[in-house]
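Residue numbers (my numbering): 3 to 453.
Here's what the structure looks like:
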């Protein structure tokens with residue numbers, strides 16, 4: 003059994019030794035040409051293999067339109083040189099918003115999103131336009147449209163249910179049927195304002211992810227594999243029927259939840275810590291057959307077991323394994339699904355904790371065919387121009403990297419606007435102080451050791 007450790011690998015040799023000590027095998031390469039090669043999708047081009055993951059900034063307006071902080075974040079991502087920008091969760095209904103400032107594309111807010119698309123495009127030259135994906139979601143059990151919990155759940159779950167959840171919170175079959183069309187309406191608007199693709203979010207235990215593991219649910223959306231995948235597949239088919247090939251469809255998919263069966267998806271029935279990708283692979287094939295062309299593979303639940311989907315140094319608990327083990331699991335899940343559906347553009351995730359070695363692992367994994375895109379999340383918040391440094395400077399710089407201190411997530415949990423307190427302190431240090439009531443915490447003392 004491995005032991006959690008903070009990142010302390012100041013040389014490539016020490017990084018390799020740490021992998022060996024923890025039984026981890028990750029490919030390494032400094033062939034940046036692999037990362038700079040383009041991809042084609044639906045007549046459009048993704049100019050390179052580096053992608054920005056969808057991360058909620060909680061900085062929209064009350065009506066769901068982006069505000070100036072959101073414009074700033076995405077302009078920084080675009081200017082940083084990533085080939086694909088996967089924009090954050092956009093709710094498809096008011097009651098599906100995770101917070102009062104979550105994005106919410108409607109006819110009333112479409113001008114703000116059109117401006118967001120324009121600012122992203124205007125940040126880059128015409129021949130180097132980033133590919134944009136808007137994530138469509140219903141927050142399900144994590145819905146807080148007015149700032150307090152208003153859960154809408156797929157099925158009861160003893161590992162995740164809070165005291166505010168009861169059988170009355172379980173959405174009905176008729177409610178799900180009506181909700182399918184809300185995703186289609188959002189996709190139509192997304193195309194209208196200028197996005198290249200939409201993502202039907204099926205990860206991290208938001209509503210669709212909850213349905214995939216709804217083994218105990220009765221009715222046509224629960225129990226069997228066919229029923230548990232029905233809602234997601236219906237949405238994909240309805241978007242395709244409405245928009246045809248004029249709008250690409252993507253899915254961010256949990257490969258495994260890390261929650262015991264029968265409450266977890268993609269897990270071994272005897273040992274929930276071991277992924278069982280038989281159902282996720284089957285679903286990936288079905289999604290491809292229905293027109294999904296990009297699959298963003300992730301794992302875990304940021305509210306329950308965040309070390310599984312975003313390995314970290316500092317957080318609200320000490321993980322039971324070394325972050326390298328968590329990272330390898332994430333990347334190998336992407337590899338296995340890419341192998342199962344080789345035609346699909348699969349995005350691998352989990353690279354941010356690796357600091358500058360994340361670029362080497364991305365190049366090595368793509369070079370070996372593990373997946374076709376490398377997604378960076380928290381790293382991009384801290385270091386939005388990391389792609390330019392890779393291509394122009396020959397690699398990422400340790401002094402600019404994310405230190406996986408979890409402050410960006412902590413701000414969000416305490417109702418603030420998300421950003422990097424360390425590398426973008428001029429904007430976000432005050433956000434953090436306000437969220438914490440101006441009081442120093444243990445995480446502040448530990449953080450000081452990194453700076």
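All residues carry an ideal CB built from backbone N, CA and C; glycine is no exception.
Residue from the options whose Cα sits closest to the Cα of residue i
{"i": "residue 175", "options": "198, 233, 24 and 196", "result": "233"}
{"i": "residue 318", "options": "149, 413, 32 and 145", "result": "413"}
{"i": "residue 170", "options": "143, 418 and 255", "result": "143"}
{"i": "residue 476", "options": "199, 354 and 133", "result": "The structure shown does not extend to residue 476, since the chain is modelled only from 3 through 453, so no value can be given for it."}
{"i": "residue 180", "options": "109, 164 and 94", "result": "94"}
{"i": "residue 125", "options": "77, 114, 97 and 45", "result": "77"}
{"i": "residue 283", "options": "325, 302, 311 and 231", "result": "231"}
{"i": "residue 113", "options": "69, 356 and 224", "result": "69"}
{"i": "residue 263", "options": "273, 255, 256 and 254", "result": "273"}
{"i": "residue 51", "options": "61, 36 and 302", "result": "36"}
{"i": "residue 407", "options": "306, 424 and 81", "result": "424"}
{"i": "residue 127", "options": "105, 84 and 107", "result": "84"}
{"i": "residue 245", "options": "168, 191, 166 and 302", "result": "191"}
{"i": "residue 216", "options": "186, 135, 86 and 162", "result": "162"}
{"i": "residue 285", "options": "227, 173 and 104", "result": "227"}
Residue i versus residue j: straight-line alpha-carbon distance, rounded
{"i": "residue 258", "j": "residue 279", "result": "7 Å"}
{"i": "residue 15", "j": "residue 27", "result": "14 Å"}
{"i": "residue 287", "j": "residue 428", "result": "46 Å"}
{"i": "residue 42", "j": "residue 48", "result": "6 Å"}
{"i": "residue 344", "j": "residue 297", "result": "11 Å"}
{"i": "residue 160", "j": "residue 153", "result": "15 Å"}
{"i": "residue 21", "j": "residue 421", "result": "30 Å"}
{"i": "residue 450", "j": "residue 204", "result": "With a pLDDT of only 47 at residue 450, under the threshold of 50, the placement of this residue in the model should not be trusted, and no figure is reported."}
{"i": "residue 394", "j": "residue 333", "result": "26 Å"}
{"i": "residue 53", "j": "residue 390", "result": "12 Å"}
{"i": "residue 383", "j": "residue 431", "result": "14 Å"}
{"i": "residue 46", "j": "residue 5", "result": "45 Å"}
{"i": "residue 366", "j": "residue 357", "result": "15 Å"}
{"i": "residue 439", "j": "residue 411", "result": "16 Å"}
{"i": "residue 100", "j": "residue 13", "result": "40 Å"}
{"i": "residue 338", "j": "residue 29", "result": "15 Å"}
{"i": "residue 82", "j": "residue 381", "result": "12 Å"}
{"i": "residue 23", "j": "residue 31", "result": "20 Å"}
{"i": "residue 447", "j": "residue 316", "result": "Only weak support exists for where residue 447 lies, its pLDDT of 45 falling under 50; the value from the coordinates is given anyway. One C-alpha to the other measures close to 11 Å."}
{"i": "residue 218", "j": "residue 265", "result": "8 Å"}
{"i": "residue 307", "j": "residue 409", "result": "16 Å"}
{"i": "residue 67", "j": "residue 136", "result": "13 Å"}
{"i": "residue 201", "j": "residue 294", "result": "9 Å"}
{"i": "residue 290", "j": "residue 235", "result": "11 Å"}
{"i": "residue 243", "j": "residue 186", "result": "10 Å"}
{"i": "residue 271", "j": "residue 426", "result": "43 Å"}
{"i": "residue 86", "j": "residue 129", "result": "14 Å"}
{"i": "residue 104", "j": "residue 61", "result": "7 Å"}
Endpoints, the beta strand (DSSP E) within which residue i is located
{"i": "residue 349", "result": "347–350"}
{"i": "residue 283", "result": "No beta strand (DSSP E) contains residue 283, which is instead part of the alpha helix (DSSP H) from 280–291."}
{"i": "residue 46", "result": "46–48"}
{"i": "residue 135", "result": "133–139"}
{"i": "residue 377", "result": "375–378"}
{"i": "residue 91", "result": "86–93"}
{"i": "residue 297", "result": "294–301"}
{"i": "residue 188", "result": "Where residue 188 is concerned, there is no enclosing beta strand (DSSP E), although the alpha helix (DSSP H) it sits in stretches over 175–195."}
{"i": "residue 201", "result": "199–202"}
{"i": "residue 54", "result": "52–54"}
For residue i, the first and last residue of its enclosing alpha helix (DSSP H)
{"i": "residue 437", "result": "427–437"}
{"i": "residue 42", "result": "Segment 41–43 is the beta strand (DSSP E) holding residue 42; no alpha helix (DSSP H) there."}
{"i": "residue 341", "result": "325–342"}
{"i": "residue 17", "result": "14–23"}
{"i": "residue 256", "result": "Run containing residue 256: none in the alpha helix (DSSP H); it sits in the beta strand (DSSP E), 250–258."}
{"i": "residue 156", "result": "Careful: residue 156 lies outside any alpha helix (DSSP H) and carries neither H nor E."}
{"i": "residue 230", "result": "227–230"}
{"i": "residue 211", "result": "209–214"}
{"i": "residue 150", "result": "It is not in any alpha helix (DSSP H) - residue 150 carries neither H nor E in the DSSP assignment."}
{"i": "residue 394", "result": "388–395"}
{"i": "residue 405", "result": "That residue, residue 405, is in no alpha helix (DSSP H); it is neither H nor E in DSSP."}
Beta-carbon proximity of residue i to residue j, cut-off 8 Å
{"i": "residue 352", "j": "residue 372", "result": "no"}
{"i": "residue 8", "j": "residue 65", "result": "no"}
{"i": "residue 269", "j": "residue 251", "result": "no"}
{"i": "residue 212", "j": "residue 157", "result": "yes"}
{"i": "residue 195", "j": "residue 115", "result": "yes"}
{"i": "residue 208", "j": "residue 139", "result": "yes"}
{"i": "residue 131", "j": "residue 121", "result": "no"}
{"i": "residue 311", "j": "residue 322", "result": "no"}
Short CB-CB distance (under 8 Å) between residue i and chain B
{"i": "residue 85", "result": "No chain B is part of this structure, which consists of one protein chain only."}
At least 3 beta-carbon pairs within less than 8 Å: the region 57–66 vs the region 77–92
yes
Using 8 Å as the Cβ pair cut-off and three pairs as the minimum, do the region 363–381 and the region 332–348 touch?
yes
When the Cβ atoms of the region 398–416 are set against those of the region 68–75, are three or more pairs found closer than 8 Å?
no
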